[in-house]
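**Student:** If you're matching positions, the sequence shown starts at 250 in our numbering and goes up one per residue. Got a structure for you, written out below as structure tokens; questions coming shortly.
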Amino acid sequence: MPDLKVLWVAAGVLALLVVLQLCVGNKKPVRSAIGGVLLGWLALLAVNVTGMFTGVTLPVSVLSVGVSGAAGIPGVTMLVLLDMILG
250 MPDLKVLWVA AGVLALLVVL QLCVGNKKPV RSAIGGVLLG WLALLAVNVT GMFTGVTLPV
310 SVLSVGVSGA AGIPGVTMLV LLDMILG
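This is how it looks when you write it as structure tokens:
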């Protein structure tokens, strides 16, 4: 069941970013939103894959998927810094 929540959050973040791109007046809102979301999720994946070398991993949860999808690479960087400071 938690996996279903992550998928719903991922779809919601993508939909909100498409609406935001439409409000801004971007000519290709879907492509721009998908590109930003994918970059954030790939950054989250890269952090977790390199975790065995660096010792820093982030749990794949509703919060981490939402932040990395909405904020992209800066969001993942913020999650890593918070994990290092608070963890």
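C-beta: ideal position from N, C-alpha, C; glycine also. Since the structure is predicted, the reported quantities are computational estimates derived from the model, not experimental observations.
Which class does residue 308 belong to by DSSP, given the choice of helix, strand or coil?
**Tutor:** Coil, per DSSP.
**Student:** Please list the terminal residues of the continuous alpha helix (DSSP H) segment that includes residue 297.
**Tutor:** Where residue 297 is concerned, the enclosing alpha helix (DSSP H) stretches over 278 to 298.
**Student:** If you run the structure through DSSP and keep just helix, strand and coil, what is residue 274?
**Tutor:** Coil.
**Student:** Can you name the start and end residues of the alpha helix (DSSP H) that residue 324 belongs to?
**Tutor:** 322 to 335 is the extent of the alpha helix (DSSP H) around residue 324.
**Student:** Which residues in the same chain as residue 311 place their Cβ atom closer than 7 Å to its Cβ, once the five residues preceding and following it in sequence are excluded?
**Tutor:** If we look at residue 311 and ignore the five residues flanking it on each side, its Cβ neighbours are 254, 255 and 258.
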